[in-house]
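Colleague: Taken in sequence, the protein lines are chains L and R.
If you use the working numbering, the first sequence corresponds to residues 729 to 1033, in order.
If you use the working numbering, the second sequence corresponds to residues 7 to 323, in order.
For every residue, glycine included, the Cβ atom is placed at its ideal position computed from N, Cα and C.
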Amino acid sequence: MSNTNWENKKAIWALKRHERHSEWSRKPKSERIILSIFFVIFLIYGASLIYPIVWTFYNSLKTGRVFNSDQFSIPWPAYWKNYEKAWSSNVRGVSLVQALWNSIWITLVSVTLGLISSSLTAYVVAKYHFKGSGLIYTIAVFIQIIPLVGGITGMYQWLWGTLGIADKPAFIWVIWFGGYGFNFLMLYSAFKSVPWSFAESAFIDGASNFRVFWQIMLPMVKPVIASLFIVSCISTWQDYTTPYLYLPSFPTLSLAVYDLQADASHIGVPLYFAIIIISMIPTLILFISFQNLIMDNTTTGGLKG
Amino acid sequence: MEAAVRALPPRKKKKWNKKTKDLVFVFLMLFLPTLQFALFWVVPNFNSLVLAFQLPSSASGQFSFVNFTRFWNELTEPNSSLFYSIIDTLVYFLITTLVNLPIVTFLSYVLFKKVPFAKAFRVIFYLPAILGGTVTAAMYRYMVGTGGPVEKLLTAMHIPFNAQLGLLGNPETSFTMVLIYCLWTGVGLNMIMINGAIKRIPEDIFDSAKIDGVGFFREFFQIVVPLIWPTLTTLLVLNMSGLFCTYMPIMLLTPNDNRSSLIGWYIVRYTLAAGDGSSNEVYNYPAAVGLIFTCIGLPLTLGVKALCERIFKDVEY
């Protein structure tokens, strides 16, 4: 059984390869030349993006002394101890383990809150006709494109000075409960495309507004929520400015990479490289497992505005 | 929907009719997010506006134009870092948007035309966006750093550079290195969006172009560009609106370099200095600078948006 499966797959691959090949040979000669030239350019550019990761990784397997004398030698025997030592490095007075934990909770709390808030607002604005629903949508689009320079100054003074909630995790989460940003626009169009007839029949059966939202409409946009969740997780994981500005005593891995670059020669560059590699692993895993979902989501993002 | 509701026998037990209940529901759903928006978007921005017009270090918040006078003085003083920041911001815009967008648009078209291994390239080009700013910038610093691969390459090609200061440390080359970083990492995200837009063009348009004998470049300029114009407009407008707020590349690569900066970083730097308390800086000045650039950027962004929308009108397919 599995054998025939395998045979089938092989046949499909052969067919696809043949198809690609004939598609290529059907192209006019001039086009094939242009594409070949660009293939080489792409190859060089692609290599320039991958090479630093490889270079960083193999240099993370050296001792500081070996790295300082030669950045290009093969790390043999590999000094894996950097990955052990990395966890106890000091970032703003806490260990890297604590920074990992900060990354995890900040990512989960901020992404979850942002999605809850946006789905509440997007649902009612997309599905209920009330005074001002159109205005809310217009404002949400407008604030995405208008350049408000210097808002950061007002925010900084507001959070540190007036409210005094900066650097206090018990309070700072409120800044993540934003319901009118990018997620709002994405969820708005998702809810718009769900037919209202499902809700109608539920209303006839006596369901309440909230139940219709929670049990009928929300599950319909689950795929959109899932992809927004993954994409936001990646962007929050990378974000170093929010912790830098508003949670400085709770450094994340990303902030650790930013902060420690000044100390790198002090703690040993290869050790710093090990921290870089550790911090990129979670996003790389997420990206590899949800590659198509992430790229398609970004594509639809291009539609807005 | 209303017809369906009306057809039902009236439910007497319920005190509220459907319309009131709907309104209450809408109110409850919007209440917390809107409160959050008011407190953490409206108030901070309004706060910046008020700060800009306040006399610094006056408890009563006296109205004053002194922050704007300071802006003018900083701008016109010799070797003004503010003046250089403005020039650098414009150069940054030229390179990362006006140069980057056309190139990336063309590269996306090449990718769409099935360059071999197009799928793999799409993924690889997206890597900087996945790894994020801190990681990519940290790796870039070492790539161009002292004794690193780029310096090795330059030596091999006999291109002179200041080995003592390093490419990023030398004020003569540091901003160029920042721009190269932005170009190097700035392909993937735009490419995904433009490539997606090209893919949405119906295939029969390309088929009939092929029958008419339209060549590679003509197809790009006369078919692809007009049809994906709305996406290009969106990208241009988003880049423009973020222009005076951008501070990431400087913060990541050359935060201590006073010569090369961007307006966004100029504002952040003064804001942090004010929050620090160790200097005499105040929030009022960066707030005023922000307000001035909002007033410049807003009409510019909206104007460009209107202009772009007029170039290729009524693109529908």
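1. Using a Cβ-Cβ cutoff of 7 angstroms, what residues of the region 971-994 of chain L are near chain R? List them in chain order.
2. Hey, is the region 848-866 of chain L in contact with the region 49-59 of chain R, meaning 3+ C-beta pairs nearer than 8 angstroms?
3. So R/R265 packs on R/Y146, CB below 8 angstroms; how close in whole Å?
4. Please identify the residue among R/F212, R/W235, R/P236 and R/A44 whose C-alpha is closest to the C-alpha of R/E225.
5. Just how far apart, CA to CA, sit R/C188 and R/T102?
6. At a CB-CB cut-off below 7 angstroms, which residues of chain L make contact with R/C251?
7. Does the count of Cβ pairs from the region 245-254 of chain R and the region 302-321 of chain R closer than 8 angstroms reach three?
8. Tell me which residues share the same chain as L/T1027 and place their Cβ nearer than 7 angstroms to its Cβ, disregarding the 5 neighbours each side in the sequence.
9. Per DSSP, what are the beta-bridge partners of L/V822 in this structure?
10. I need the straight-line Cα distance from L/N736 to L/L771, nearest angstrom please.
11. Take L/P979 and list the residues in its own chain whose beta-carbon comes closer than 7 angstroms to its own, dropping the five residues that flank it on each side.
12. Taking its Cβ as the centre, do 16 or more other Cβ atoms sit within 10 Å of L/R793, making it buried, or is it exposed?
13. Hey, does L/S1074 have any beta-carbon neighbour from chain R nearer than 8 angstroms?
14. Answer with buried or exposed for L/D779, where buried requires no fewer than 16 other C-beta atoms within 10 angstroms of its C-beta.
15. Mind checking R/V30: buried by the 16 CB within 10 Å criterion, or exposed?
16. Between the region 844-854 of chain L and the region 228-247 of chain R, can you find at least three pairs of beta-carbon atoms closer than 8 angstroms?
17. So with Cβ pairs under 8 angstroms, would you call L/Y830 a contact of chain R?
18. Would L/Y974 and L/A898 be called neighbours here (beta carbons separated by less than 8 angstroms)?
19. With 8 angstroms as the threshold, decide whether the Cβ of R/R316 is near any Cβ in chain L.
20. Please check if any C-beta of chain R sits within less than 8 angstroms of the C-beta of L/V825.
21. From the DSSP output, in three-state form, read off R/Q60 for me.
22. Do we get a CB-CB distance below 8 angstroms when we pair R/D3 with the residues of chain L?
23. Which partner residues does R/F69 have in the DSSP bridge list?
24. With a cut-off of 8 angstroms, do at least 3 Cβ pairs link the region 123-133 of chain R to the region 194-213 of chain R?
25. Buried or exposed: where does R/K119 fall if 16 or more other Cβ atoms within 10 Å of its Cβ makes it buried?
26. Would you mind giving the Cβ-Cβ distance between R/P255 and R/V184, rounded to the nearest angstrom? I have them listed as a contact below 8 angstroms.
27. Apply the 10 Å Cβ neighbour rule to L/A689 and answer buried if 16 or more other Cβ atoms are within range, or exposed otherwise.
28. What are the residues of the region 133-150 of chain R that lie near chain L, defined by any Cβ-Cβ distance shorter than 9 angstroms?
29. Could you give the uninterrupted runs of the alpha helix (DSSP H) lying entirely in the region 889-914 of chain L, keeping only those of 4 residues or more?
30. Output the boundary residues of the alpha helix (DSSP H) element that contains R/V116.
31. Taking only the alpha-carbon atoms, compute the straight-line gap between R/H164 and R/N106 and give it to the nearest angstrom.
32. Beta-carbon within less than 6 angstroms of R/L88's beta-carbon, same chain only, minus the 5 sequence neighbours each way: which residues are those?
33. Ends of the alpha helix (DSSP H) at R/N196?
34. R/T260 versus chain L: which residues are under 9 angstroms apart at the beta carbon?
35. Curious, which full-length alpha helix (DSSP H) runs of at least 4 residues does the region 979-1012 of chain L contain?
36. Taking Cβ to Cβ, would you say R/K311 is nearer than 8 angstroms to R/T260?
Modeller: For this structure:
1. Here the close residues are S982, V985, Y986 and Q989.
2. No, the region 848-866 of chain L does not touch the region 49-59 of chain R.
3. R/R265 to R/Y146, Cβ: 20 angstroms. No contact.
4. Considering only alpha carbons, the answer is R/F212.
5. Distance between the alpha carbons of R/C188 and R/T102: 7 angstroms.
6. By Cβ distance, chain L contributes P875 and V877.
7. Two segments are said to touch when three or more pairs of C-beta atoms, one from each, lie closer than 8 angstroms; by this definition the region 245-254 of chain R touches the region 302-321 of chain R.
8. Any reading at L/T1027 must be qualified, since the residue scores a pLDDT of 48, below 50, and its modelled position is unreliable; no value is offered.
9. For L/V822, the pairing in a beta bridge is given by DSSP as L/V819.
10. Separation of L/N736 and L/L771 (C-alpha to C-alpha, rounded to the nearest whole angstrom) is 32 angstroms.
11. If the five residues before and after L/P979 are omitted, its C-beta is found closer than 7 angstroms to the C-beta atoms of V819, R820, V822, A827, N830, P971 and D987, all from its own chain and listed in chain order.
12. Using a 10 angstroms sphere on the CB of L/R793, the tally of other CB atoms stays under 16, which defines it as exposed.
13. Nothing can be reported for residue 1074 of chain L, as the shown portion of chain L is limited to 729 through 1033.
14. Position check: residue 779 of chain L holds Tyr in this sequence, whereas Asp was assumed. It counts as exposed.
15. It is exposed - the Cβ of R/V30 has fewer than 16 other Cβ atoms within 10 Å.
16. Segments in contact, no.
17. As written in the sequence, residue 830 of chain L is Asn, which differs from the Tyr given in the question. For L/N830, the answer is no, since every Cβ of chain R falls outside 8 angstroms of its Cβ.
18. Result no, Cβ atoms of L/Y974 and L/A898 do not sit closer than 8 angstroms.
19. Answer no: the Cβ-Cβ gap between R/R316 and chain L never drops below 8 angstroms.
20. Cβ-Cβ to chain R under 8 angstroms: no for L/V825.
21. The answer is strand: DSSP assigns R/Q60 an E or B state.
22. As shown, chain R starts at 7 and ends at 323. That puts residue 3 of chain R outside it, with no answer to give.
23. Beta-bridge pairing links R/F69 to R/Q60.
24. With the cut-off at 8 angstroms, the region 123-133 of chain R and the region 194-213 of chain R touch.
25. Taking a 10 Å sphere around the C-beta of R/K119, we find 16 or more other C-beta atoms and assign the residue as buried.
26. For R/P255 against R/V184, the beta-carbon gap comes to about 5 angstroms, under 8 angstroms, which counts as contact.
27. Nothing about residue 689 of chain L can be read from this structure; chain L reaches only from 729 to 1033.
28. Along the region 133-150 of chain R, going in chain order, the ones with a CB nearer than 9 angstroms to a CB of chain L are L133, P134, A135, I136, L137, G138, G139, T140, V141, T142, A143, A144, M145, Y146, R147, Y148 and M149.
29. Within the region 889-914 of chain L, the complete alpha helix (DSSP H) runs of at least 4 residues fall at 897-900.
30. Looking at the DSSP string, the run of the alpha helix (DSSP H) that includes R/V116 is N106 to F118.
31. Here the alpha carbons of R/N106 and R/H164 stand approximately 28 angstroms from one another.
32. Spatial neighbours of R/L88 in its own chain (CB-CB distance under 6 angstroms, excluding positions within 5 residues in sequence) are listed in chain order as E80 and L81.
33. Counted as a single uninterrupted DSSP element, the alpha helix (DSSP H) harbouring R/N196 occupies residues G194 to K205.
34. Neighbours of R/T260 in chain L, taken as residues whose beta carbon is under 9 angstroms from its own, are absent, since the nearest beta carbon is some 12 angstroms off.
35. For the region 979-1012 of chain L, whole alpha helix (DSSP H) runs of length 4 or above, ordered along the chain, are 981-988 and 992-995.
36. Contact: no.
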